[in-house]
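*Asks:* If you're matching positions, the sequence shown starts at 2 in the working numbering and goes up one per residue. Glycine is no exception: its CB is placed at the ideal position from the N, C-alpha and C atoms. The model shown is predicted, which means the values in this text are computed figures rather than measured ones.
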Amino acid sequence: MKLNERSLAFYATCDSPADNSGFLYKRGERHTAYHRRWFVLKGNMLFYFEERESREPVGVIVLEGCNVELCDSAEDFAFAIRFGGTKSRTYVLAAESQAAMESWVKSLSRASFDYMRLVVRELEKQLEEMRWGLARGCGGSQESPSSWKSSGLERSPERRPALPAILPKENGCAVWNNALGGDQPRDTSGSAGHDDEGNPRPPPVPPRRRVCNGSAGSAREIPSTFCRLHERYSQEVARLRQDWLEKQRGPRP
């Protein structure tokens with residue numbers, strides 16, 4: 002991507018949110034005097050202006066391949082931005098308070114692309130651990146993500162323990178036991194739960210209820226707790242409704 006002064010000035014002064022902003026004292030490159038400048042941090046670019054209301058920045062510092070550290074200086078709350086290389090410039094800045102210095106050092110240290118890459122790697126590691134824990138809870142592999150590299154699971158994504166992308170459904174609800182195959186024997190026919198046309202097979206029919214005397218016709222099902230409660234409260238509601246109707250009619254003559 003090509004950048005010029007106009008595009009940098011627009012990016013520095015546009016309405017996009019800044020990661021940090023405030024006044025800092027910047028030491029000159031040739032002269033050791035400090036000048037008060039307004040700094041704006043956006044991504045990995047640190048812009049500085051002569052005043053807060055300035056329309057164009059005086060300069061920009063690209064925060065790549067640098068270290069932010071505290072330094073000894075005549076000004077209090079000073080810190081430096083050091084780049085690698087013998088001819089690279091070191092920017093010495095000073096904040097107005099201890100809290101402002103800590104805030105700037107923290108935000109500048111996290112502004113580089115290398116730091117963001119480390120954060121992404123850590124998040125990917127946590128995501129793999131969450132997937133492993135979820136697959137383990139569903140009866141999957143008991144191996145940890147650290148052992149995937151040694152066993153070759155990391156190079157073959159199809160062997161990783163993961164949930165299926167599309168779950169078979171019954172009446173609009175996912176059938177987890179059938180999809181994950183936790184308590185069912187493995188299909189050795191090679192169809193993997195699909196018929197000859199490739200469509201998913203319906204879930205197995207649940208077993209019939211056992212009866213006491215062995216005959217399904219003469220067996221009487223025991224009413225559930227919900228049925229008993231429903232019958233009990235329905236009688237009470239009917240009685241209360243009858244009393245209310247009698248009160249509405251008034252006393253009989």
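Hey, out of 60, 85 and 118, whose CA is closest to residue 69's CA?
*Replies:* Comparing Cα-Cα distances from residue 69 to each of 60, 85 and 118, the minimum goes to 85.
*Asks:* State the DSSP-derived secondary structure class of residue 119, mapped to helix, strand or coil.
*Replies:* Three-state result, residue 119: helix.
*Asks:* Spell out the partners DSSP gives residue 70 in its beta bridges.
*Replies:* In DSSP, residue 70 forms a bridge with 81.
*Asks:* Taking residue 32 as the reference, which of 77, 5 and 92 has the closest Cα?
*Replies:* Measuring from the Cα of residue 32, the nearest candidate turns out to be 92.
*Asks:* Going by beta-carbon coordinates alone, are residue 112 and residue 95 separated by less than 8 Å?
*Replies:* No; because the gap between Cβ atoms is not below 8 Å, this pair is not in contact.
*Asks:* Does DSSP put residue 28 in a helix, a strand or coil?
*Replies:* In the structure shown, residue 28 sits in a strand (DSSP, three-state: E or B).
*Asks:* Let me know if residue 239 comes out buried or exposed under the rule of 16 or more other beta-carbons within 10 Å of its beta-carbon.
*Replies:* Classification of residue 239: exposed, given that the 10 Å Cβ count is below 16.
*Asks:* Using 10 angstroms around the beta-carbon of residue 45, count the other beta-carbons present and answer buried if the total reaches 16, otherwise exposed.
*Replies:* Looking at its Cβ environment, which holds 16 or more other Cβ atoms inside 10 Å, residue 45 is buried.
*Asks:* Under 8 Å, with one C-beta from each stretch per pair, do the segment 122-129 and the segment 48-58 reach the 3-pair mark?
*Replies:* Contact fails: fewer than three Cβ-Cβ distances are below 8 Å.
*Asks:* Less than 8 Å between the C-beta atoms of residue 59 and residue 49, yes or no?
*Replies:* Taking 8 Å as the Cβ cut-off, residue 59 and residue 49 qualify as a contacting pair.
*Asks:* Just list the residues that DSSP pairs residue 21 with in beta bridges.
*Replies:* Note: residue 21 sits in a beta bridge opposite 42.
*Asks:* Just to confirm, is the Cβ distance from residue 110 to residue 116 under 8 Å?
*Replies:* A contact, by the Cβ cut-off of 8 Å.
*Asks:* Determine which residues share a DSSP beta bridge with residue 35 and list them.
*Replies:* Answer is 28, bridged to residue 35.
*Asks:* Any idea what DSSP makes of residue 138, helix, strand or coil?
*Replies:* Helix, per DSSP.
*Asks:* Sort 25, 237 and 244 by Cα distance to residue 47 and report the nearest one.
*Replies:* Here the closest residue by C-alpha is 25.
*Asks:* What is the DSSP secondary structure of residue 11, reduced to helix, strand or coil?
*Replies:* It is helical.
*Asks:* Tell me which residue opens and which closes the beta strand (DSSP E) that residue 95 is part of.
*Replies:* Per DSSP, residue 95 belongs to the beta strand (DSSP E) from 92-95.
*Asks:* Please classify residue 133: is it buried, with 16 or more other beta-carbons within 10 angstroms of its beta-carbon, or exposed?
*Replies:* It counts as buried.
*Asks:* Classify residue 47 as helix, strand or coil using the three-state DSSP reduction.
*Replies:* If DSSP states are grouped into helix, strand and coil, residue 47 belongs with the strands.
*Asks:* If you draw a straight line from the C-alpha of residue 114 to the C-alpha of residue 120, how long is it?
*Replies:* If you take the alpha carbons of residue 114 and residue 120, they lie about 10 Å apart.
*Asks:* Which term fits residue 105, buried or exposed, when burial requires 16 or more other beta carbons within 10 angstroms of its beta carbon?
*Replies:* Residue 105 comes out buried.
*Asks:* Using CA atoms only, rank isn't needed, just tell me which of 21, 41 and 37 is closest to residue 11.
*Replies:* Ranking the options by Cα distance to residue 11, first place goes to 41.
*Asks:* Should residue 72 be labelled buried (16 or more other beta-carbon atoms within 10 Å of its own) or exposed?
*Replies:* It counts as exposed.
*Asks:* Evaluate residue 13 with the Cβ neighbour count: other Cβ atoms within 10 Å of its Cβ, from every protein chain shown; 16 or more gives buried, anything less gives exposed.
*Replies:* Per the 10 Å Cβ criterion, buried.
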